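Engineer: Below are the structure tokens for one structure; questions will follow.
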Amino acid sequence: MNIQCPPWLTDSRAPWTTEELADRLISGRQVARLVQSGDLVRLRRGCYIPGHFWEQQSAETRALHRIYAHHHSRQRGAPTPPVYTHVSAARIHGLHLWNVDHTIHLAQKYPTSAHGPAADVRAHCSPLEPEEITYRQNLRVTTLERTAVDCARVLSYQKALIVADHALRLGGSQPQMQDIAGRLAGCKGAANARRVTADASPLAESPGETLSRHFIRKMRVPMPEQQVQVRTRHGDHRLDFAWRELLLALEFDGRIKYFAYAPTDEVLFEERRREKALMEDGWQFVRLEWADLFREAKLRRRIANALHRASLLRRKSA
């Protein structure tokens, strides 16, 4: 038979454990039926969330709710709250993540036993200094600096660089990151962490800009300046990247960039208006989208050709 989902559960946005539902007189068999009907979604073993609320969430927010569910599940039995680390700490801090799974990462003092953490949890036996732990959203997490370093130890260089760039933009200290990475010498992933923390920049405003900078560096051409302010007859315009002496700009046109500031149509209109004014002053533009970053040979030719054309024009006008 069908079971009617009670209004107090339908209207809820919080995770519920099996024990909490049982306290409300919802049996395990009824929970299974509610999951089958879609009224409940199983976040992890013994923890559920209302289905209508879950359906409204983005993939990244869902990953964050899985962390909340883990914390909620542990509240009854754990003597002290866990410290979330690595990618989980990055999610709690609100750092940019690119193509990362939703495994829950946390710190523990001793190596995992044969009956260690659940399948959705990865426990790290890494010593943490007291000053490397902070609170965000009522959860214990590693600091921005320690989080960026830990992510660099388990993620690829490009994915970790996105995290580190955003951590710096949110106020993290690059010297502290480098100090932490240095202290972890000899640990797994430490070499990647040292490279990431040395190359990170607080000027990247999106993952796309981070990956664009990484691509340009791989080309072994002169590195452009980032976030270059240029005056036009329609007001100041900030360029993502610019070879100022060549009057050549590179702009990353990610959708996130525009939605972060104002309605897309308004931002595009104003930006293109200022861009036309810059072109009248001799500026040239290379525009990148996400797909371009994964067509490396074609993108390499585009940037190289743009640099060559700009250099020729510069010599002619000199």
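Using our numbering, the first residue of the sequence shown is number 845, and each one after it goes up by one.
The beta carbon of each residue, even a glycine, is placed where N, CA and C say it ideally should be.
None of the values given here were measured: they were computed from a predicted structure.
#1: What is the DSSP secondary structure of A1150, counted as helix, strand or coil?
#2: Is the Cβ-Cβ distance between L1055 and Q1002 less than 9 Å?
#3: Where E1095 and M1067 are concerned, what is the direct C-alpha to C-alpha distance, given to the nearest angstrom?
#4: Whose C-beta lies closer than 6 Å to the C-beta of M845 among residues of the same chain, with five residues either side of it excluded?
#5: For N943, count neighbouring C-beta atoms within 10 Å of its own C-beta (all shown protein chains included) and say buried if the count is 16 or more, exposed if not.
#6: R1039: which of P1051, S1050, L1047 and G1026 sits nearest, CA to CA?
#7: Could you check how far apart the C-beta atoms of W860 and Y892 are, in whole angstroms? I think they sit under 8 Å.
#8: Let me know if H1078 comes out buried or exposed under the rule of 16 or more other beta-carbons within 10 Å of its beta-carbon.
#9: Under the assumption that V927 contacts L941 (Cβ atoms under 8 Å), give the Cβ distance between them as a whole number of angstroms.
#10: Per DSSP, which residues does G1079 bridge with? Please list them.
#11: Looking at the unbroken alpha helix (DSSP H) that takes in L1137, where does it start and where does it end?
#12: According to DSSP, is H949 part of a helix, a strand, or is it coil?
#13: Please identify the residue among T991, A967 and F1113 whose C-alpha is closest to the C-alpha of T978.
#14: Report the three-state DSSP secondary structure of E1069 (helix, strand or coil).
#15: H914: buried (16+ other C-beta within 10 angstroms of its C-beta) or exposed?
#16: Only counting the same chain, and skipping five residues up and downstream in sequence, which positions put a Cβ closer than 7 Å to that of L1005?
#17: Between D1023 and R935, what straight-line distance do the alpha-carbon atoms span, to the nearest angstrom?
#18: Measuring alpha carbon to alpha carbon, tell me which residue in E1119, R1116, R1061 and A1048 is nearest D1084.
#19: Just tell me which of R857, Q1070, D883 and W852 has its CA closest to the CA of R868.
#20: Can the beta-carbon of R1088 be found closer than 9 Å to that of E1069?
#21: Could you have a look at L908 and say whether DSSP puts it in helix, strand or coil?
#22: DSSP three-state label for P894, please.
#23: Take the Cβ of A858 as the centre, count every other Cβ of all protein chains shown within 10 Å, and call the residue buried at 16 or more, exposed below.
#24: Return the chain-ordered list of same chain residues with a C-beta closer than 7 Å to the C-beta of L983, the five sequence neighbours on each side being excluded.
#25: Between G1126, R1146 and A1011, which lies nearest to K1160 when the distance is taken from Cα to Cα?
#26: In this structure, does DSSP put R1145 in helix, strand or coil?
#27: Whose C-alpha, out of T947, R1139 and D994, is nearest the C-alpha of S970?
#28: Please state the DSSP three-state secondary structure of R857.
Structural biologist: According to the data block:
#1: Taking the first residue of the sequence shown as position 1, residue 1150 is located at position 306. A1150 falls in the helix class under three-state DSSP.
#2: In the sequence shown, the residue the question calls residue 1055 occupies position 211. In the sequence shown, the residue the question calls residue 1002 occupies position 158. The criterion of a C-beta distance shorter than 9 Å is satisfied by L1055 and Q1002.
#3: Along the sequence shown, one-based indexing puts residue 1095 at 251. Along the sequence shown, one-based indexing puts residue 1067 at 223. Answer to the nearest angstrom: the Cα atoms are 14 Å apart.
#4: If you number the sequence shown from 1, residue 845 lands on position 1. Only weak support is given to the placement of M845: the predicted model assigns it a pLDDT of 44, under 50, and the value that follows is read from those uncertain coordinates. Same-chain partners within the cutoff: there are none.
#5: If you number the sequence shown from 1, residue 943 lands on position 99. When all chains shown are included, N943 counts as exposed.
#6: Along the sequence shown, one-based indexing puts residue 1039 at 195. It is G1026.
#7: Here residue 860 is taken as the residue at index 16 of the sequence shown, counted from 1. Here residue 892 is taken as the residue at index 48 of the sequence shown, counted from 1. About 5 Å; that satisfies the 8 Å criterion.
#8: In the sequence shown, counting from the first residue as 1, residue 1078 sits at position 234. H1078 comes out exposed.
#9: Residue numbering aside, residue 927 sits at position 83 when the sequence shown is read from its first letter. Residue numbering aside, residue 941 sits at position 97 when the sequence shown is read from its first letter. Not quite, the Cβ-Cβ distance comes to about 19 Å (not below 8 Å), so this is no contact.
#10: Position 235 of the sequence shown, counting from 1, holds the residue named residue 1079. Note: G1079 sits in a beta bridge opposite T1076.
#11: Within the sequence shown, residue 1137 is the residue found at index 293, counting from 1. Premise fails: L1137 is in no alpha helix (DSSP H) and is neither H nor E.
#12: Counting from one through the sequence shown, the residue named residue 949 turns up at place 105. Residue state, collapsed to three classes: strand.
#13: If you number the sequence shown from 1, residue 978 lands on position 134. Checked all of T991, A967 and F1113; the closest Cα to T978 is T991.
#14: The count along the sequence shown starts at 1 and reaches residue 1069 at position 225. E1069: strand per DSSP, three-state reduction.
#15: Here residue 914 refers to the residue found at position 70 when the sequence shown is read from its first residue. When all chains shown are included, H914 counts as buried.
#16: Working through the sequence shown from its first residue, we reach residue 1005 at position 161. Cβ within range, chain order: V1040, D1043, A1044, T1054 and H1058.
#17: On the sequence shown, position 179 is the one that residue 1023 refers to. On the sequence shown, position 91 is the one that residue 935 refers to. Looking at the two C-alpha atoms, the distance is approximately 23 Å.
#18: For the purposes of this step, residue 1084 is identified with residue 240 of the sequence shown, where counting begins at 1. When each option's Cα is compared against that of D1084, the closest is A1048.
#19: In the sequence shown, the residue the question calls residue 868 occupies position 24. If we check each option's Cα against that of R868, W852 comes out closest.
#20: On the sequence shown, residue 1088 is found 244 positions in, with the first residue counted as 1. On the sequence shown, residue 1069 is found 225 positions in, with the first residue counted as 1. Their beta carbons are under 9 Å apart, which means R1088 touches E1069 by this criterion.
#21: In the sequence shown, residue 908 corresponds to position 64, counting from 1. Of the three classes helix, strand and coil, the one that applies to L908 here is helix, per DSSP.
#22: Here residue 894 is taken as the residue at index 50 of the sequence shown, counted from 1. P894 falls in the strand class under three-state DSSP.
#23: Position 14 of the sequence shown, counted from the first residue, corresponds to residue 858. Exposed.
#24: The count along the sequence shown starts at 1 and reaches residue 983 at position 139. Cβ within range, chain order: H915, Y928 and I936.
#25: The count along the sequence shown starts at 1 and reaches residue 1160 at position 316. That would be G1126, whose Cα lies nearest to the Cα of K1160.
#26: Reading the sequence shown from its first residue, position 301 is the one you call residue 1145. R1145: helix per DSSP, three-state reduction.
#27: In the sequence shown, residue 970 corresponds to position 126, counting from 1. With distances taken between Cα atoms, S970 lies closest to D994.
#28: To locate residue 857, count along the sequence shown from 1; it is residue 13. Coil.
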